[in-house]
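For the protein sequence lines, the chains are A and B, in the order given.
Using our numbering, the first residue of the first sequence is number 1, and each one after it goes up by one.
Using our numbering, the first residue of the second sequence is number 1001, and each one after it goes up by one.
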Amino acid sequence: MKMARLTTLLLACATQAVAQQAVTSSSGSTLIKNATVLTVTKGTLQNTDVLMQNGKIAQIGQNLAAPAGARVVDATGKYILPGIIDPHSHMMADAINEGSLSVTSMVRIKDVINPTAINVYRALAGGVTTINILHGSANTIGGQNATVKLKYGRTAQDMMFPGAPPGIKFALGENVTRKNSQQQQGGPPRRYPATRMGQEEVLRDAFTRAQDYKRDWDDYRARVAKGERTLVPPRRDLELEPLVEVLEGKRLVHAHGYRADEHLMLLNVANEFGFKIATLQHVLEGYKIATEIAKAGAGASSFADSWSYKIEAYDAIPYNNAIMLRHGVLQTINSDSDERVRRLNIDAAKLMRYGGLTEEEALKTVTYNGAVQLGVGSRVGSIEVGKDADLAIWNAHPLSVFANVQTTFIDGEVFFDRQQDIAKRAQREQQRAELERAEENRPARADQRRVILP
Amino acid sequence: MTSHMPMRFGSAVTVAAVMLVSTATQLSAQLGSHNPMPGPRGTYAITNAKIVPVVGAEIPRGTVVISDGKIAAVGANVAIPSGARTIDASGLTVYPGMMDAGTSMGLSEIGQGAASTVDVAEVGSFNPNAQAIYGLNPHSAHVGVTRVVGITHVASLPSGGIISGQAAIVNLAGWTPPEMQVIPRAALVINLPRSGFAGRGFGGFGGQQQENTQDAQRMRERQLDSLRQILRDAEAYGKAIDAADRDRTLPRVHRDVVLASLLPAVRGQMPVIFTADRPNDIRTAVNFAKEMKLKPIILGGGDAWKVAQFLRENDVPVIVSSVLSMPRSEDDPYDVNYSSPGKLHQAGVRFAISEGGGAETRNLPYNAGMAAAFGLPKDEALKSVTLYPAQIMGVADKFGSIEVGKVANLVVTTGDLLEAKTDTKYLFIDGRPVPLGTKHTDLNDLFKDRP
Chain A
1 MKMARLTTLL LACATQAVAQ QAVTSSSGST LIKNATVLTV TKGTLQNTDV
51 LMQNGKIAQI GQNLAAPAGA RVVDATGKYI LPGIIDPHSH MMADAINEGS
101 LSVTSMVRIK DVINPTAINV YRALAGGVTT INILHGSANT IGGQNATVKL
151 KYGRTAQDMM FPGAPPGIKF ALGENVTRKN SQQQQGGPPR RYPATRMGQE
201 EVLRDAFTRA QDYKRDWDDY RARVAKGERT LVPPRRDLEL EPLVEVLEGK
251 RLVHAHGYRA DEHLMLLNVA NEFGFKIATL QHVLEGYKIA TEIAKAGAGA
301 SSFADSWSYK IEAYDAIPYN NAIMLRHGVL QTINSDSDER VRRLNIDAAK
351 LMRYGGLTEE EALKTVTYNG AVQLGVGSRV GSIEVGKDAD LAIWNAHPLS
401 VFANVQTTFI DGEVFFDRQQ DIAKRAQREQ QRAELERAEE NRPARADQRR
451 VILP
Chain B
1001 MTSHMPMRFG SAVTVAAVML VSTATQLSAQ LGSHNPMPGP RGTYAITNAK
1051 IVPVVGAEIP RGTVVISDGK IAAVGANVAI PSGARTIDAS GLTVYPGMMD
1101 AGTSMGLSEI GQGAASTVDV AEVGSFNPNA QAIYGLNPHS AHVGVTRVVG
1151 ITHVASLPSG GIISGQAAIV NLAGWTPPEM QVIPRAALVI NLPRSGFAGR
1201 GFGGFGGQQQ ENTQDAQRMR ERQLDSLRQI LRDAEAYGKA IDAADRDRTL
1251 PRVHRDVVLA SLLPAVRGQM PVIFTADRPN DIRTAVNFAK EMKLKPIILG
1301 GGDAWKVAQF LRENDVPVIV SSVLSMPRSE DDPYDVNYSS PGKLHQAGVR
1351 FAISEGGGAE TRNLPYNAGM AAAFGLPKDE ALKSVTLYPA QIMGVADKFG
1401 SIEVGKVANL VVTTGDLLEA KTDTKYLFID GRPVPLGTKH TDLNDLFKDR
1451 P
């Protein structure tokens, strides 16, 4: 338990240090001078300044004057990219799967967010500013998502992306039927549905119930509006409410799946019930049904090149993204991993090799397109006047493997700065050494020691 | 299909290549049979190319001549032999093929849900006689997608147990394992019992967790002792065999294939790859190797930079497979693993970079690129995936640079070999032109124009 205490102390110190850093950075104006600006939506601007004021991008142009009190950053030879957006993450989630039922639309990721997760800081160091934290893929209809800005050092509440439309996770295929894990000892117990047939049925059943529930409420409200005073309202159903929002187009569906046929099934069910799918997630075989995805108006969010890790991923190809893009599908790359999120820029570059995306198309798959998929395209995802000042300064073109992030801003504030990070390392080492020397963290004598591990 | 037809050769070669590709397509219903086979050895000249030989200066515009599997000439002013088939590589760059020395290539096709395609680990603790070359599927789809990024040869390692088995160095082309093999028994792989407190229990060894440090320590000592024992048995066995060979009057020694397979390692003729990441485990491995007179290579090497001086003093090389791993501790710098190759280089430790695995091995160059983004000089990054793995695995006479006499494993690219956006235009393995088709290009061709 001594180690646990040490870790907690260290964590507290680290969090405090970074929180201080964020607070002390100017929340006023910052003028970045003389950068190559990859606007992503309006081309590449050479030798250009970007002025951030009150959390927004206030001006873009050459030889901008710094307002009084503004911090000025010389970015000569450096690049500005909009903050990277990861449409599929489980970062900060203290729980991921409420997988005990087939429909868990009532549970919410926002209730289990740990804002002190160190991986937030590591993602910031990869130029990432917004992520979509999704429920896991254990059940056909999973829990509600949280779209957050990675304001490390702040509370979970402060991290919620203001005004982002709510979403929900769906899942199809083996992650739901759990055929692989059942083979192993200690795998989860059997639970309906165990086949893709059952998954279609779960969707149909849930949305049929949601339609009836919606009708009850619509009737009730209509009668109240007509002046009836003595009605008893329908009983609230926390499972069906989010599904009604889906039917009404107010909640985005993010649907995990691998095989083409399962996604096609979902698109057909959604069409029948009259709602749209915001994103097909992973959609490793999307290239086989690119026409249908485009026609349904669904987005697609996939890996750049992961494959072969399970049977369902054996037909995944890195050309998937390009084929869907060329068929008119709104396309993004996601990480689904706290490790890979740190280098989504390299994943984007792979699409130039596999499928011949242009630089701008490649960059959009990790910035602007993700913003649109998450319903925040008017707020983030590109460098445009009026948008949130969420961006990163890179020391080289971000599609190069040799590039690293110098500074990451969210709402105009610094949340990562490489030079500050390096400058603090000696101090952190010293703190660590002091903590290790502290009496309470000293290992017990061998004869007194009885460490019970979890 | 034009994008991965082999090259602008004379018609005979093109026809042969078309036949090879269509053969592969017929087999495509099976797992992993999409890798088109290379064309014939012969005399080829890659002309007008920028040449990055890795050893020696870059040649802005020059020629590489390939003859009978080997690099026959390289330079700015090289005569093209008569009869050579010529590739005009104007605007392109020639590099030596890359090597990943820490893969499980061909031993595992699909990790989950297809156990019958997984042959990485034997049952039991001591399997020196488990040889990767006998589990390696030459038609694995991983082989094709790996080589087309310019990784032309790899070491494929068994894993599991304490002595996992023997690694093979193979070219990533061939109809059969014997056709692929370069060194079929290239290194012994040992997982030393790990030490210390791992945060979530002890070891990660054999899935056993000990309740306290003393029990873990005792367990580790027992395992080390049994490892010592089997290596000493092998030594004694070798002596007995030798003695019996010299003196026919001695009693005949019963053959033991397990002990016999350890002889090259205990005699210092075969390197021993020790998987180790933490400083204590690295020290233990090196000290153990010294005690048993083995030739150690550290694989993993996450914390190798923390014991850099010790590694340099003992001249022990490291295959770093953790560049893209998450930092282990919450309070580690975010770039602790990105920057470790740079630190090893600065400290003068011999090292190579590895991605590992099979399906993901193709990401090898981006590991080196990330290391270069965090302190490793770019030319060193290139060496860490070409020359250095060859040197560490004892095959630098064959691989790792464009030098006359070396095996013609070459890749011709549109740009920097380590960049993710760079594409491959031509590929030679063992002096044979390799068509650039893969399972992935096959599926791309099938679906990309679907209306």
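In this text, a Cβ means the ideal position worked out from N, Cα and C, and glycines have one as well.
Excluding the five sequence neighbours on either side, which residues of its own chain have a C-beta within less than 8 Å of the C-beta of alanine 255 of chain A, listed in chain order?
Same-chain partners within the cutoff: Lys169, Phe170, Ala171, Leu172, His263, Leu266, Ile277, Thr279, Leu280, Gln281.
Just to confirm the assignment: which complete alpha helix (DSSP H) runs, minimum length 4, are found wholly within the region 148-191 of chain A?
Qualifying alpha helix (DSSP H) stretches, in chain order: 156-159, 174-177, 179-183.
Beta-carbon proximity of isoleucine 1133 of chain B to alanine 1155 of chain B, cut-off 8 Å:
Going by beta carbons, isoleucine 1133 of chain B and alanine 1155 of chain B fall outside the 8 Å limit.
Ranges of the beta strand (DSSP E) found wholly within the region 228-272 of chain A, counting only runs of at least 3
Entirely contained in the region 228-272 of chain A, the beta strand (DSSP E) runs reaching 3 residues are, in chain order, 252-257.
Within the 8 Å Cβ cut-off, does glutamine 1112 of chain B reach chain A?
Using a CB distance cut-off of 8 Å, glutamine 1112 of chain B counts as an interface residue toward chain A.
Would aspartate 1245 of chain B count as contacting chain A if we go by Cβ distances under 8 Å?
It does not; no Cβ of chain A falls within 8 Å.
Rounded straight-line distance, which links the Cα of leucine 1299 of chain B to that of valine 1054 of chain B
If you take the alpha carbons of valine 1054 of chain B and leucine 1299 of chain B, they lie about 23 Å apart.
Any Cβ of chain A within less than 8 Å of the Cβ of alanine 1142 of chain B?
Checking the sequence shown, residue 1142 of chain B turns out to be histidine, not alanine. Chain A contact via Cβ: present.
Taking C-beta pairs closer than 7 Å, name the residues in chain B that tryptophan 217 of chain A reaches, listed in chain order.
Those within 7 Å of tryptophan 217 of chain A in chain B number zero; the least Cβ separation is about 43 Å.
Counting only the same chain and skipping the five closest in sequence on each side, list residues whose C-beta sits under 7 Å from that of glycine 375 of chain A.
Taking glycine 375 of chain A as the centre and dropping the five residues before and after it, the same chain places the C-beta of Ala164, Pro165, Leu252 closer than 7 Å to its C-beta, in chain order.
Which residues in chain A have a C-beta closer than 9 Å to the C-beta of proline 1333 of chain B? List them in chain order.
Correct list: Asp421, Ile422, Arg425, Arg428.
Would you say threonine 1422 of chain B lies against chain A (beta-carbon separation less than 8 Å)?
Yes - at least one Cβ of chain A is within 8 Å of the one on threonine 1422 of chain B.
For the region 383-450 of chain A, list the beta strand (DSSP E) runs that are entirely contained and at least 3 residues long, ordered along the chain.
For the region 383-450 of chain A, whole beta strand (DSSP E) runs of length 3 or above, ordered along the chain, are 391-394, 405-410, 413-417.
For threonine 41 of chain A, which residues from the same chain have a beta carbon less than 7 Å from its beta carbon, with the 5 sequence-adjacent residues on both sides left out?
Here threonine 41 of chain A has Tyr368, Ser382, Glu384 as same chain residues with Cβ atoms under 7 Å from its own Cβ, once five neighbours each way along the sequence are excluded.
Contact the region 331-342 of chain A vs the region 353-368 of chain A: 3+ CB pairs below 8 Å
A contact exists between the region 331-342 of chain A and the region 353-368 of chain A.
Own chain partners of valine 1395 of chain B with C-beta closer than 7 Å, once the 5 adjacent residues on each side are dropped
For valine 1395 of chain B, where only same-chain residues beyond five positions count, the Cβ hits under 7 Å are Ile1169, Val1182, Ile1183.
What residues in the region 1309-1331 of chain B bring their beta carbon closer than 9 Å to a beta carbon of chain A?
Taken in chain order, the members of the region 1309-1331 of chain B whose beta-carbon sits within less than 9 Å of a beta-carbon on chain A are Leu1324, Ser1325, Met1326, Pro1327, Ser1329, Glu1330, Asp1331.
Quick one, are the C-beta atoms of leucine 240 of chain A and tyrosine 213 of chain A less than 8 Å apart?
Taking 8 Å as the Cβ cut-off, leucine 240 of chain A and tyrosine 213 of chain A qualify as a contacting pair.
Going by beta-carbon coordinates alone, are alanine 300 of chain A and valine 283 of chain A separated by less than 8 Å?
In this structure, valine 283 of chain A lies closer than 8 Å to alanine 300 of chain A by Cβ.
Distance cutoff 8 Å, beta carbons only. Does alanine 290 of chain A sit that close to anything in chain B?
Chain B places a beta carbon closer than 8 Å to that of alanine 290 of chain A, counting this residue as a contact.
On the criterion of 16 or more Cβ atoms from any shown chain inside 10 Å, does methionine 197 of chain A qualify as buried, or is it exposed?
So methionine 197 of chain A counts as exposed.
Output yes or no for whether 8 Å exceeds the beta carbon distance between valine 1407 of chain B and lysine 1398 of chain B.
Valine 1407 of chain B is a Cβ neighbour of lysine 1398 of chain B, given a cutoff of 8 Å.
Would you identify the three-state DSSP class for glutamine 62 of chain A, choosing helix, strand or coil?
Three-state result, glutamine 62 of chain A: coil.
For leucine 325 of chain A, which residues of its own chain have a beta-carbon under 6 Å away from its beta-carbon, when the five flanking residues on both sides are left out?
Apart from the 5 residues on each side of it in sequence, leucine 325 of chain A sits with its Cβ closer than 6 Å to the Cβ of Gln331 in its chain, given in chain order.
Taking all protein chains shown into account, decide if glycine 1431 of chain B is buried (16 or more other Cβ within 10 angstroms of its Cβ) or exposed.
So glycine 1431 of chain B counts as buried.
Can you pull the chain B neighbours of methionine 352 of chain A, defined as C-beta to C-beta under 7 Å?
Here the neighbours are Lys1421.
Based on the DSSP output, what are the partners of proline 1038 of chain B in its beta bridges?
DSSP output for proline 1038 of chain B lists no bridge partner at all.
Provide the residue span of the alpha helix (DSSP H) that contains glutamine 144 of chain A, from first to last.
Membership of glutamine 144 of chain A in any alpha helix (DSSP H) is not indicated; the residue belongs instead to the beta strand (DSSP E) covering 141-144.
For a contact defined as C-beta to C-beta under 9 Å, what are the partners of methionine 1370 of chain B on chain A?
Within 9 Å Cβ-Cβ: Arg343, Ile346, Val401, Phe402, Asn404.
Just the C-alpha distance for glutamine 1214 of chain B and alanine 1285 of chain B, rounded to the nearest angstrom, thanks.
C-alpha separation (whole angstroms): 20 Å.
Could you name the residues of the region 1430-1449 of chain B whose beta carbon sits closer than 8 Å to any beta carbon of chain A, in the order they occur along the chain?
Those would be Lys1439, His1440, Thr1441, Leu1443, Asn1444, Phe1447, Lys1448, in chain order.
Beta-bridge pairing of glycine 1062 of chain B - partner residues as DSSP gives them
Partner residues in the beta bridge of glycine 1062 of chain B, as assigned by DSSP, are B:Ala1049.
Could you please give the first and the last residue of the uninterrupted beta strand (DSSP E) stretch that includes asparagine 34 of chain A?
Looking at the DSSP string, the run of the beta strand (DSSP E) that includes asparagine 34 of chain A is 30-38.
Can you give me the start and stop residues for the alpha helix (DSSP H) that histidine 327 of chain A sits inside?
No alpha helix (DSSP H) holds histidine 327 of chain A; DSSP gives it neither H nor E.
Which of the three DSSP states is assigned to tyrosine 319 of chain A in this structure?
Three-state result, tyrosine 319 of chain A: coil.
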